[in-house]
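The structure appears right after this line, and notes come after that.
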Amino acid sequence: METLKTTVAIIGAGPSGLLLSQLLHQAGIDSL
1300 METLKTTVAI
1310 IGAGPSGLLL
1320 SQLLHQAGID
1330 SL
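First residue of the sequence shown? That's 1300 in our numbering, and the numbers climb one at a time after it.
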């Protein structure tokens, strides 16, 4: 399987943005 590297930008700091940031962090995915 091919490995893909990308940067994820989360727009907004409301409840859904904060939750997405936490879930990505737990999965080991870097975000801005």
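Ideal Cβ placement from N, Cα and C applies to all residues, glycine included.
What you are looking at is a predicted structure, and each value in this text was computed from that prediction instead of being measured.
query: Inter-residue spacing [alpha-carbon to alpha-carbon] between GLY1313 and SER1320; result: 11 Å
query: Inter-residue CB distance, VAL1307 and LEU1317 (contact presumed, cutoff 8 Å); result: Contact doesn't hold; Cβ gap of about 14 Å is too wide.
query: Supposed contact pair ILE1309 and SER1330 - C-beta distance, whole angstroms, cut 8 Å; result: 6 Å
query: Inter-residue spacing [alpha-carbon to alpha-carbon] between LYS1304 and SER1315; result: 23 Å
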